[in-house]
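Engineer: The structure's right below; bear with me while I get my questions together.
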Amino acid sequence: MYFKPIRYLSVLILTTGVLLMIYGLWQYMPKTFSSDTSDYVFMKITVKRVVFPVSGLVFTLLGITLLKFITHVDNELESLRHELRLLTKQTEKSQ
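In terms of this note's numbering, the sequence shown has 492 at position 48, counting the first letter as 1, and numbering is strictly consecutive.
As structure tokens, then:
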């Protein structure tokens, strides 16, 4: 209820992480090159093969952690509200 924007943000981070991992793993697909391809192209491909899966993994773990944290906080908040209602009922009965 209170955490919907944060929940949407964590799902967005999680989705972004998965897409980055997929894109990074897609870079491992074999590609054809000519003999005059510069070293810059090979270095760029190598960097993409490393950076995108690692950053995707980090984003995925961050999204999962944030989602679990928000779920846990929301559950605890709901249990505190329930206990507060019970205590309020007990005080009304005793008065």
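Quick reminder that beta carbons are idealized off the backbone N, C-alpha and C, glycines included. Quantities reported herein were computed from a predicted structural model and do not represent experimental measurements.
Sort Thr504, Leu531, Leu510 and Tyr484 by Cα distance to Leu463 and report the nearest one.
Structural biologist: For the purposes of this step, residue 463 is identified with residue 19 of the sequence shown, where counting begins at 1. Comparing Cα positions, the closest option is Thr504.
Engineer: For the ligand GTP, I want to know if Thr459 counts as a neighbour, meaning its beta carbon is within less than 8 Å of at least one of the ligand's heavy atoms.
Structural biologist: Of the ligands one can find in the structure shown there are none, so the ligand GTP has no counterpart to examine.
Engineer: My output table needs one value for Tyr452: the three-state DSSP class, helix, strand or coil.
Structural biologist: Counted from its first residue, the sequence shown places residue 452 at position 8. The answer is helix: DSSP assigns Tyr452 an H, G or I state.
Engineer: Measure the beta-carbon distance from Arg493 to Gly461 and round it to whole angstroms, keeping in mind my assumption that it falls under 8 Å.
Structural biologist: Residue numbering aside, residue 493 sits at position 49 when the sequence shown is read from its first letter. Residue numbering aside, residue 461 sits at position 17 when the sequence shown is read from its first letter. At roughly 17 Å, the Cβ-Cβ gap does not stay under 8 Å, so Arg493 and Gly461 are not in contact.
Engineer: For Gln471, which residues from the same chain have a beta carbon less than 7 Å from its beta carbon, with the 5 sequence-adjacent residues on both sides left out?
Structural biologist: Translated into positions along the sequence shown, residue 471 becomes position 27. These residues qualify, in order along the chain: Ile489, Lys492, Arg493 and Phe496.
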